[in-house]
Structures are given as C-alpha cells and as structure tokens.
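Encoded as structure tokens, the structure appears first; notes follow it.
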Amino acid sequence: ALNLDDTDDDSIPEYYESNDGPQQFDTTRSFIHEVVHALTHLQDKEDSNPRGPVVEYTNIILKEMGHTSPPRIAYEFSN
1 ALNLDDTDDD SIPEYYESND GPQQFDTTRS FIHEVVHALT HLQDKEDSNP
51 RGPVVEYTNI ILKEMGHTSP PRIAYEFSN
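What follows is the structure, encoded as structure tokens:
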C-alpha cells in the first residue's frame, strides 16, 4: 500500500531491487509510479518484461527529473 506520510513511524519500509542492491522506496518514486498507473491504465506485470511498463516509465521520468535513486530493475523484490 502506498503511504505518502513520511512522518508515519509505524509503517514498515519497503524496498525495490536495483543494480546497486536493495533500495528503500521514497515518496517521489512511489508517487510517480502511482501517477503513471493513473495516466496510462497500465498493469504492473508483463510476462515478457520483469520490470513491467509502469516501472519502465517511472524509471525514465525519475531520470529526466534528475532523481538520484538507482533505477528499479524488477517489479517484484526478492530478498
């Protein structure tokens, strides 16, 4: 579930897979991901792509915004 309240100490941090190892989701990445869903009506998963279209678009948008977090390489996180 998306929690945009950075002051919520009760929430358990969620992570995503990157080439630099596990990364904690930040508010910007989570928000852009949900905006891409809202604007495109695309699903998270795609059989032929481990990232899926929403993650692909989110990575592109964040890079163009100058966001410094490493790109997400898979939709599902395996620790």
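Residues 1 to 79 in full-length UniProt numbering are what the sequence shown spells out, letter by letter.
We put the beta carbon where it would ideally sit given N, CA and C, even for glycine.
Residue i, buried or exposed, once every other Cβ within 10 Å from all chains shown has been counted against 16
i	result
residue 32	buried
residue 17	buried
residue 27	exposed
residue 58	buried
C-alpha gap between residue i and residue j, whole angstroms
i	j	result
residue 43	residue 56	12 angstroms
residue 34	residue 40	10 angstroms
residue 64	residue 37	18 angstroms
Continuous alpha helix (DSSP H) stretch holding residue i: start and end
i	result
residue 30	27 to 40
Residue i vs residue j beta-carbon contact at 7 angstroms
i	j	result
residue 74	residue 53	no
residue 24	residue 13	yes
residue 20	residue 71	no
Coarse secondary structure for residue i, derived from DSSP in three states
i	result
residue 16	strand
residue 64	helix
residue 76	coil
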